[in-house]
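Following numbering that gives the first Met the number 0, the numbering of the first sequence begins with 0 at its first residue and continues without gaps.
Backbone N, C-alpha and C define an ideal beta-carbon position, used for all residues, glycine too.
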Amino acid sequence: MNKRTLYSVIAALILLGVYSYEYFLNEEKQAEIVKDGKHVKNNTNEYFLPTSTTGQIVHHEGYSLSYSESHEQAEWVAYELKKSHLSNANFKRPYFEIDKAVKTGAADWRNYKKSGYDRGHLCPAGDRRYSQFAHDETFLTSNISPQDHQFNAGIWNSLEQKTRYWASKYDGVFVVTGGVLKGNMKTIGDEHVSVPNQFYKVLIDNNTGKTKMIAFLLPHKDSNKPLYEFVVSVDTIEKLTGIDFFSELDDAIENELEASSRYKDWSF
DNA sequence: CTGAAGTGC
DNA sequence: GCACTTCAG
């Protein structure tokens, strides 16, 4: 081996070492930040999580949620719906399971049996069709809320399909959704699962350059009205639920976007 | 797509 | 409890 070759080999080894070391550091850094939550902007799923009014946030692989023990359901379920998540795969519906990750005990699916209400998905099965695991994971009782069938299969389904359309059109959206767990509510089952009188869905698109958001507040009954008639400001949902959305955004941007109920930036 | 419910082992 | 079938919007 001549000197020139030797130097090249040494240089290559040094470079390899430096890159390995940096890679190792990055891995550690990533793990650390993901663990601590919202501080990683490139981890959208953590970055846009809302606050919890109940103190019980549970993370699953396909979505996160904040569980309300008193109402036996999530106050919000949040997940990123990427364009790449969209799929036509048709998995068989599994049985609902009690979410063991909920420390206070998630509701039993039997509360819903013969109640007259659907086990309405919050993170829809249709949004997690990219794998069997992700699909089946939506069938946890922490991810469902009692919904009138006409509502669930009607305007709520329309909104979910519209969300998938936007995820495709805008290369992904971040979704936060749930029932409004306030006021006088009917309950079902031995565990008294509350039946929300309203459901909301808040979307943010942070992928197409200019950040935009839109929020919907729907009475718990089917409607033939167009979806845009149910658009409200994010502030409205925050006041109603006590949940703080997108607090990690720059305050000026957050304040401006959350006060607005314009929907012109969203294609209906 | 969103779901429930009946039948049989 | 689970698989299979049938049904509703």
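Quiz item: Is the segment 169-186 touching the segment 89-99 in the sense that three or more CB pairs, one from each, lie closer than 8 Å?
Solution: Judged by Cβ distances under 8 Å, the segment 89-99 makes no contact with the segment 169-186, as fewer than three pairs qualify.
Practice problem: Go ahead and label residue 249 buried or exposed: buried means 16 or more other beta carbons lie within 10 angstroms of its beta carbon, across all protein chains shown. | Solution: Taking the first sequence and counting its residues from 1, one reaches residue 249 at position 250. Answer is exposed; the Cβ neighbour count stays below 16.
Quiz item: Rounded to a whole number of angstroms, what is the C-alpha to C-alpha distance between residue 127 and residue 183?
Solution: As a position in the first sequence, residue 127 is number 128, starting the count at 1. As a position in the first sequence, residue 183 is number 184, starting the count at 1. In a straight line, the C-alpha of residue 127 is about 33 Å away from that of residue 183.
Quiz item: Got a sec? Which residues, its chain only, sit under 6 Å from residue 64 by beta carbon, not counting five neighbours each side?
Solution: As a first step, residue 64 is located in the first sequence; it is residue number 65 there, counting from the start. Same-chain partners within the cutoff: 57, 73, 76, 141.
Quiz prompt | C-beta contact flag for residue 233 and residue 262 at 7 Å | solution = Within the first sequence, residue 233 is the residue found at index 234, counting from 1. Within the first sequence, residue 262 is the residue found at index 263, counting from 1. Residue 262 sits away from residue 233, with the two beta carbons spaced by 7 Å or more.
Quiz item: Leaving out five residues before and five after residue 256 in sequence, what residues of the same chain have Cβ atoms less than 6 Å from its Cβ?
Solution: Taking the first sequence and counting its residues from 1, one reaches residue 256 at position 257. Closer than 6 Å at Cβ, skipping near neighbours: 212.
Practice problem: Look up residue 38 in the DSSP assignment and say whether it is helix, strand or coil. | Solution: As a first step, residue 38 must be located in the first sequence, where it is residue number 39. In this prediction, residue 38 has a pLDDT of 42, which is less than 50 and means its spatial position is unreliable; nothing more can be read from the coordinates.
Exercise. Could you check the C-alpha separation between residue 23 and residue 199 for me, to the nearest Å?
Key: Taking the first sequence and counting its residues from 1, the one referred to as residue 23 is at position 24. Taking the first sequence and counting its residues from 1, the one referred to as residue 199 is at position 200. With a pLDDT of only 47 at residue 23, under the threshold of 50, the placement of this residue in the model should not be trusted; the figure read from the coordinates follows. Between residue 23 and residue 199, the alpha-carbon positions lie close to 42 Å from each other.
Quiz item: Quick one: what's got a C-beta closer than 7 Å to residue 190's C-beta in the same chain, skipping five residues either side?
Solution: Stepping through the first sequence from its first residue, residue 190 is reached at position 191. Cβ neighbours of residue 190 beyond the five flanking positions: 71, 106, 107, 110.
Quiz item: residue 59 to residue 166, Cα distance in whole Å?
Solution: By 1-based counting over the first sequence, the position of residue 59 is 60. By 1-based counting over the first sequence, the position of residue 166 is 167. Computed Cα separation, rounded: 21 Å.
Practice problem: With residue 100 as the anchor, note down where its beta strand (DSSP E) starts and where it stops. | Solution: Sequence index remark: in the first sequence, residue 100 carries index 101 (1-based). Note, residue 100: premise wrong, no beta strand (DSSP E); not H, not E.
Quiz item: With a Cβ-Cβ cutoff of 7 Å, do residue 67 and residue 180 count as a contact?
Solution: Taking the first sequence and counting its residues from 1, the one referred to as residue 67 is at position 68. Taking the first sequence and counting its residues from 1, the one referred to as residue 180 is at position 181. Yes.
Quiz item: Between the beta-carbon of residue 258 and the beta-carbon of residue 236, is there less than 7 Å?
Solution: Along the first sequence, one-based indexing puts residue 258 at 259. Along the first sequence, one-based indexing puts residue 236 at 237. Their beta carbons are not under 7 Å apart, which means residue 258 does not touch residue 236 by this criterion.
Quiz prompt | Spatial neighbours of residue 153 in its chain, beta-carbon cut-off 6 Å, leaving aside the 5 residues before and after | solution = In the first sequence, residue 153 corresponds to position 154, counting from 1. The residues are 221.
Exercise. Using a threshold of 7 Å, state whether the C-beta atoms of residue 247 and residue 46 are closer than that.
Key: For the purposes of this step, residue 247 is taken as the residue at position 248 of the first sequence. For the purposes of this step, residue 46 is taken as the residue at position 47 of the first sequence. Yes, the Cβ-Cβ distance between residue 247 and residue 46 is below 7 Å.
Quiz item: Taking the DSSP output, what are the residues bridged to residue 75?
Solution: Counting from 1 along the first sequence, the entry for residue 75 is found at position 76. Answer is 65, bridged to residue 75.
Quiz prompt | Span separating the alpha-carbon of residue 148 from that of residue 156 | solution = For this step, residue 148 is matched to residue 149 along the first sequence. For this step, residue 156 is matched to residue 157 along the first sequence. Spanning the two alpha carbons is a distance of roughly 10 Å.
Quiz item: With 16 other CB atoms within 10 Å as the buried threshold, where does residue 225 fall?
Solution: For the purposes of this step, residue 225 is taken as residue 226 along the first sequence, with counting starting at 1. Exposed, since its Cβ has fewer than 16 Cβ neighbours within 10 Å.
Self-check item: Straight-line gap, residue 238 to residue 244 (C-alpha atoms, nearest Å)
Solution: Here residue 238 is taken as the residue at index 239 of the first sequence, counted from 1. Here residue 244 is taken as the residue at index 245 of the first sequence, counted from 1. Those two C-alpha atoms are separated by around 11 Å.
Practice problem: Would you kindly work out how many angstroms separate the C-alpha atoms of residue 265 and residue 202, rounded to a whole number? | Solution: In the first sequence, counting from the first residue as 1, residue 265 sits at position 266. In the first sequence, counting from the first residue as 1, residue 202 sits at position 203. Going from the Cα of residue 265 to the Cα of residue 202 covers about 10 Å.
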